[in-house]
Amino acid sequence: MSYETLIVETPSAGVTLVRLNRPEALNALNSQLLGELAAVLDAAEADDSVRCLVLTGSERAFAAGADIKEMSDKSYAQMFASDFFGGAARRIEQFRKPIIAAVSGFALGGGCELAMLCDFIIASETAKFGQPEINLGVMPGIGGTQRLPRAVGKAKAMDMVLTARMMDAAEAERAGLVSRVVPADKLLDEALAAAAKIAGQSPLAVAMNKELVNAAFETTLSTGVTMERRLFHSLFAFDDQKEGMAAFVEKRKPDFKGS
Ligand code: CO8
């Protein structure tokens, strides 16, 4: 399937690379782009050969926010009736396979929120994160006020949301917003290598690991730890656990089948 606002490739077995492709608007997120992204996720979820996604933009911009030109004249009734961007945000939140955001340049407003909706962010040295919606008389709308403080703490989140200050890659790594920072020309290689590593793991264990790390933000420590122990035990129902542990003992590479 081909898309107008996305470029979708399969750079290696099990890995889907999705590039945001609205260069004329610094990859601003509009309804078409988010609709196409939801369709890519539907297809990836249904395809057992897809094990991990990488979402990226251009060198200049991951995404400079929601498309201000699409939103500017909308009424409250239109925003509410269409649940503007709600469906796409929920689709990403509910996606069960890992998504790595590879961020270079601007990740602002909805762009920063889209990166935070992914499972982790690898940033280039040129990345700039921000929630500048306050400058437009509005606020983040795809989870920024909630995910940013969870990622970087209240002080930095308040600072960014209220002053629209951008955070560079080094600060984002110190603050815990991104998992690693790499030179711009290595960004895609690094993200694709991480995705290939994930794609080679047991997809069952990968899905459970993702679910449980996300549960850490939704539940108490004791409930989360109990859930983790139960799921750990349940993994012993799968062939992949037998294969993974046998491969270690036999000093060979495991061949996970997802069963
Ligand atoms: N929307 C639409 N067009 C944009 C956007 C955007 N967010 N960002 C950039 N563009 C366009 C510009 O209008 C320009 O187009 P044109 O050439 O036709 O004038 C082109 O991209 C290039 O941009 P600039 O010329 O401005 O490039 P600069 O390098 O000078 O500046 C910046 C780059 C600093 C990134 C600047 O473009 C900028 O400030 N952009 C807007 C950033 C912003 O405010 N983002 C937040 C948007 S609101 C939002 O994201 C809300 C999310 C929640 C929505 C969900 C609701 C439920």
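Okay, so the sequence shown: first residue is 52 according to my numbering, each after it adds one.
Every residue, glycine too, gets a C-beta built ideally from N, C-alpha and C.
Query, Result
"beta-carbon Gly138 near the ligand MG non-hydrogen atom, thresh 8 angstroms", "Ligands in the displayed structure: the ligand CO8; the ligand MG is not one of them."
"Exposure of Arg198, with buried meaning 16 or more beta-carbon neighbours within 10 Å", "buried"
"Alpha-carbon to alpha-carbon, Lys179 and Ala115", "10 angstroms"
"Sufficient close CB pairs (3 or more, under 8 angstroms) joining the segment 73-89 to the segment 53-60", "yes"
"Ser82 - DSSP class collapsed to helix/strand/coil", "helix"
"For Ser63, the first and last residue of its enclosing beta strand (DSSP E)", "Leu57 to Ser63"
"Under the three-state DSSP convention, the category Ala178 falls into", "coil"
"Contact test: Gly188 Cβ vs the ligand CO8 heavy atom, cutoff 8 angstroms", "no"
"C-alpha distance - Ala244 paired with Ile151, whole-angstrom precision", "11 angstroms"
"For Cys103 and Ala258, believed in contact at Cβ under 8 angstroms, the rounded distance", "Ala258 to Cys103, Cβ: 11 angstroms. No contact."
"Range covered by the alpha helix (DSSP H) that runs through Val189", "Element bounds for Val189: n/a, residue is neither H nor E."
"Helix, strand or coil at Leu71 [DSSP, three-state]", "strand"
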